[in-house]
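Below is one structure, written out as structure tokens; the observations come after it.
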Amino acid sequence: MAIDNIDKINEAPERESMEFDVLIVGGGPAGLSAAIRLKQLAAEKGTEISVCLIDKGAQIGAHILSGAVIDPRALDELLPDWQQKVSASLTPVNHDRFLWLKENKASHLPLSLLPSCLKNNGNLIGSLGQISAALAVEAERLGVDVFAGFAATDVLFDDKNQVIGVTTGDMGLDKSGNPTAMYQPGMNLLAKMTFFAEGCRGQLGKRLINHFNLAAESGKQTYGLGIKEIWQIPKEQHQAGLVVHSVGWPLDNHTYGGGFAYHYGDNLVAVGLVVGLNYENPYLSPFDEFQRLKTHPEFSAFLSGGERISYGARTMVAGGLAALPELSFPGGVLIGDDAGFLNAARIKGTHCAVKSGLLAAEAWFSANQNGMVDYSQFKKQFRQLFEESWLYQELYQTRNFKPYMKKGLVIGSMLFGAEQLLLKGRSPWTLKLKHADHEGIKEARNFSPINYPKPDGKLIFDKPSSVFLSNTNHEEEQPCHLKLADINVPIQVNLMKYAAPETRYCPAGVYEIVEDKSEEKLQINAQNCLHCKACDIKDPLQNITWTAPQGGEGPIYQGM
Numbered sequence: 000m001a002i003d004n005i006d007k008i009n010e011a012p013e014r015e016s017m018e019f020d021v022l023i024v025g026g027g028p029a030g031l032s033a034a035i036r037l038k039q040l041a042a043e044k045g046t047e048i049s050v051c052l053i054d055k056g057a058q059i060g061a062h063i064l065s066g067a068v069i070d071p072r073a074l075d076e077l078l079p080d081w082q083q084k085v086s087a088s089l090t091p092v093n094h095d096r097f098l099w100l101k102e103n104k105a106s107h108l109p110l111s112l113l114p115s116c117l118k119n120n121g122n123l124i125g126s127l128g129q130i131s132a133a134l135a136v137e138a139e140r141l142g143v144d145v146f147a148g149f150a151a152t153d154v155l156f157d158d159k160n161q162v163i164g165v166t167t168g169d170m171g172l173d174k175s176g177n178p179t180a181m182y183q184p185g186m187n188l189l190a191k192m193t194f195f196a197e198g199c200r201g202q203l204g205k206r207l208i209n210h211f212n213l214a215a216e217s218g219k220q221t222y223g224l225g226i227k228e229i230w231q232i233p234k235e236q237h238q239a240g241l242v243v244h245s246v247g248w249p250l251d252n253h254t255y256g257g258g259f260a261y262h263y264g265d266n267l268v269a270v271g272l273v274v275g276l277n278y279e280n281p282y283l284s285p286f287d288e289f290q291r292l293k294t295h296p297e298f299s300a301f302l303s304g305g306e307r308i309s310y311g312a313r314t315m316v317a318g319g320l321a322a323l324p325e326l327s328f329p330g331g332v333l334i335g336d337d338a339g340f341l342n343a344a345r346i347k348g349t350h351c352a353v354k355s356g357l358l359a360a361e362a363w364f365s366a367n368q369n370g371m372v373d374y375s376q377f378k379k380q381f382r383q384l385f386e387e388s389w390l391y392q393e394l395y396q397t398r399n400f401k402p403y404m405k406k407g408l409v410i411g412s413m414l415f416g417a418e419q420l421l422l423k424g425r426s427p428w429t430l431k432l433k434h435a436d437h438e439g440i441k442e443a444r445n446f447s448p449i450n451y452p453k454p455d456g457k458l459i460f461d462k463p464s465s466v467f468l469s470n471t472n473h474e475e476e477q478p479c480h481l482k483l484a485d486i487n488v489p490i491q492v493n494l495m496k497y498a499a500p501e502t503r504y505c506p507a508g509v510y511e512i513v514e515d516k517s518e519e520k521l522q523i524n525a526q527n528c529l530h531c532k533a534c535d536i537k538d539p540l541q542n543i544t545w546t547a548p549q550g551g552e553g554p555i556y557q558g559m
């Protein structure tokens with residue numbers, strides 16, 4: 000179904016325009032890798048091309064959050080010396096530990112019984128935000144125009160329904176959308192080809208998938224919400240290079256998810272929990288489940304006595320190969336998490352995002368003839384390069400992971416393990432998910448509220464103090480960037496049927512039910528938003544749409 004609210008190009012004289020050969024929306028690993036590779040290829044061929052990359056964060060890396068255990072394969076292909084260009088500490092993985100948790104107990108699963116996709120030999124632990132910042136420096140050195148603090152808010156089309164660029168958001172509007180004395184109109188950024196690399200559930204990527212019906216042949220996409228903290232811990236509790244993954248407690252057998260703890264750097268631990276957003280229980284709070292996880296002896300043993308120094312959350316796309324939409328369309332292409340390039344079975348997406356950017360850049364040069372892009376040739380070439388790549392082979396091998404896990408933790412693990420160990424991922428079937436995540440939630444009358452432990456300021460914390468550590472800031476005098484299609488749904492449907500799940504699935508306390516003149520209403524604390532987009536995904540009636548606020552706003556993650 001076509002989206003009818005994507006503006007045609009705005010020719011108003013106050014809206015300036017800039018033109019480029021290639022425009023890239025998003026300054027994560029996919030967009031930056033595409034930009035660097037385009038400039039590398041141009042230098043190899045002795046040609047000049049103009050490449051512009053924009054990102055909504057205040058600086059490149061400000062909105063980047065990942066685990067992050069990084070498979071360096073794709074980065075090695077892009078820049079063989081990339082590790083020397085990153086100022087952040089990168090710690091080689093030297094030990095894997097996989098745990099099946101029960102409350103206060105744990106079973107250590109033998110590594111010999113784990114599929115190869117769950118092993119981390121040769122991988123690195125570090126900060127993806129800092130890596131992205133280093134890639135941006137390299138992109139600028141090669142001549143890419145990198146602009147942070149610019150949020151792309153609309154897609155521009157020509158009269159042939161071909162993408163010709165994007166519009167950046169206006170600045171200086173009041174809550175009603177009226178210009179203030181600080182008003183600055185956005186710009187039209189035009190290009191022969193636009194690469195959309197906005198990350199998971201990208202605002203424009205979501206619209207484009209609907210507009211061009213790109214997901215018509217794929218399975219339903221599914222997502223996880225990842226919540227992460229960085230801790231500085233006592234030296235004697237630090238085990239540099241240790242990677243811990245867990246399944247089971249505090250989640251039940253029917254809720255997909257797992258914990259992690261990565262020891263790296265100067266006595267740092269990245270600890271977190273991923274919860275699949277197809278969960279059923281509306282009383283479940285991913286944030287509070289994560290707080291419980293840290294009290295387990297296997298996690299508290301190295302966190303106790305430490306200091307929590309950073310917090311953040313983001314969603315991750317998890318459907319795999321069978322959920323990938325058609326990747327290209329006239330004038331544009333989806334790369335990275337905007338398309339769905341993440342291997343959920345490995346809990347890794349950086350190498351997938353980077354490789355997708357490299358392939359798209361190479362396909363662009365193949366389709367660019369005498370300064371004109373043949374979009375049908377690009378589509379054919381990009382698809383061919385992808386299907387011949389190690390990226391396709393990796394995603395193909397684990398393509399059934401999420402459909403198996405829909406059957407529950409025990410059965411799903413057994414089926415996936417058998418497919419990987421016995422068939423090496425070469426089973427003759429490909430399974431597709433049939434339901435979107437928001438369809439999984441059930442009415443509150445089927446469940447009882449969950450009694451979560453109160454914050455103790457040692458291992459368990461509340462949302463306000465957590466959001467404070469994310470350095471999140473939004474100017475309050477601007478239109479709310481969290482849009483409700485129907486203002487009555489939060490009370491008449493979400494509260495009445497589902498006990499207001501938005502007050503729990505949001506990891507930042509954005510949504511509250513408050514009393515106003517003896518009536519209940521939904522209060523949206525948009526200034527707390529971490530841009531994780533869980534609300535856009537999980538709202539039962541899809542009544543909430545996440546849109547980009549003013550450019551440069553949101554979290555400014557440190558070391559994430």
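Going by numbering that gives the first Met the number 0, the first residue of the sequence shown is number 0, and it counts up by one from there.
Beta carbons are placed, not taken as given, at the ideal position from N, Cα and C, and that holds for glycine.
What distance in whole Å lies between the Cβ atoms of residue j and residue i, which are believed to be in contact at a cut-off of 8 Å?
| i | j | result |
| --- | --- | --- |
| A317 | G223 | 5 Å |
| A359 | F328 | Going by Cβ atoms, the distance from A359 to F328 rounds to 13 Å, so no, they are not a contact pair. |
| V165 | A151 | 4 Å |
| N122 | I69 | 6 Å |
| G338 | P324 | According to the sequence displayed, residue 338 carries Ala and not Gly. The pair is a contact, with the Cβ atoms about 7 Å apart (cut-off 8 Å). |
| C534 | I543 | 5 Å |
| G356 | G335 | 7 Å |
| G168 | G550 | 6 Å |
| P570 | I440 | Past the edges of the chain, shown from 0 to 559, lies residue 570, and the structure says nothing about it. |
| T471 | L384 | About 38 Å separates the two Cβ atoms, so there is no contact after all. |
| V509 | N524 | 5 Å |
Can you tell me where the beta strand (DSSP E) with residue i in it begins and where it stops?
| i | result |
| --- | --- |
| R307 | E306 to V316 |
| P463 | From DSSP, P463 is part of no beta strand (DSSP E) but of the alpha helix (DSSP H) over K462 to L468. |
| P178 | P178 to Q183 |
| K482 | L481 to L483 |
| I163 | V162 to T167 |
| G416 | Segment L408 to L422 is the alpha helix (DSSP H) holding G416; no beta strand (DSSP E) there. |
| G171 | M170 to L172 |
| H295 | Unbroken run through H295: none, as it is neither H nor E. |
Where DSSP assigns a beta bridge to residue i, which residues make up the other side?
| i | result |
| --- | --- |
| M17 | L188 |
| R96 | V243 |
| V513 | K520 |
| H473 | According to DSSP, which records beta bridges pairwise, H473 is partnered with nothing at all. |
| D54 | A147 |
| Y263 | L267 |
| S327 | V332 |
| L529 | In DSSP, L529 forms no bridge with anything. |
| P548 | Note: P548 sits in no beta bridge, so no partner. |
Residue range of the alpha helix (DSSP H) that residue i falls in?
| i | result |
| --- | --- |
| G30 | P28 to K44 |
| H350 | T349 to A366 |
| A151 | Where A151 is concerned, there is no enclosing alpha helix (DSSP H), although the beta strand (DSSP E) it sits in stretches over A151 to F156. |
| W230 | Counting along the chain, W230 falls outside any alpha helix (DSSP H), though it belongs to the beta strand (DSSP E) covering Y222 to Q231. |
| K401 | F400 to M404 |
| G128 | L127 to R140 |
| A73 | R72 to L77 |
| S375 | Y374 to E386 |
| K84 | W81 to K84 |
| H237 | No alpha helix (DSSP H) holds H237; DSSP gives it neither H nor E. |
Can you tell me whether residue i is buried or exposed? The criterion is at least 16 other CB atoms within 10 Å of its CB, across all chains shown.
| i | result |
| --- | --- |
| A484 | exposed |
| L421 | exposed |
| K401 | buried |
| R313 | buried |
| E10 | At E10 the pLDDT is 42, less than 50, meaning the model places this residue with poor confidence and gives no usable figure here. |
| Q129 | buried |
| Q522 | exposed |
| P448 | exposed |
| D6 | Interpretation of D6 is limited by its pLDDT of 44, a score under 50 that renders its predicted location unreliable; the figure taken from the coordinates is listed afterwards. Under this definition D6 is an exposed residue. |
| K347 | buried |
| P79 | exposed |
| R36 | buried |
Considering only their Cβ atoms, is the gap separating residue j from residue i smaller than 8 Å?
| i | j | result |
| --- | --- | --- |
| V21 | I63 | no |
| Y261 | M404 | no |
| R503 | L283 | yes |
| L564 | S245 | It is not possible to answer for residue 564, since the shown part of the chain is limited to 0 through 559. |
| L172 | A321 | no |
| A67 | T349 | yes |
| G204 | F195 | yes |
| C351 | L390 | yes |
| G56 | G26 | yes |
Return yes when the C-beta of residue i is under 7 Å from any heavy atom of the ligand SAM, and no when it is not.
| i | result |
| --- | --- |
| K44 | Of ligands this structure carries none, so the ligand SAM is not represented either. |
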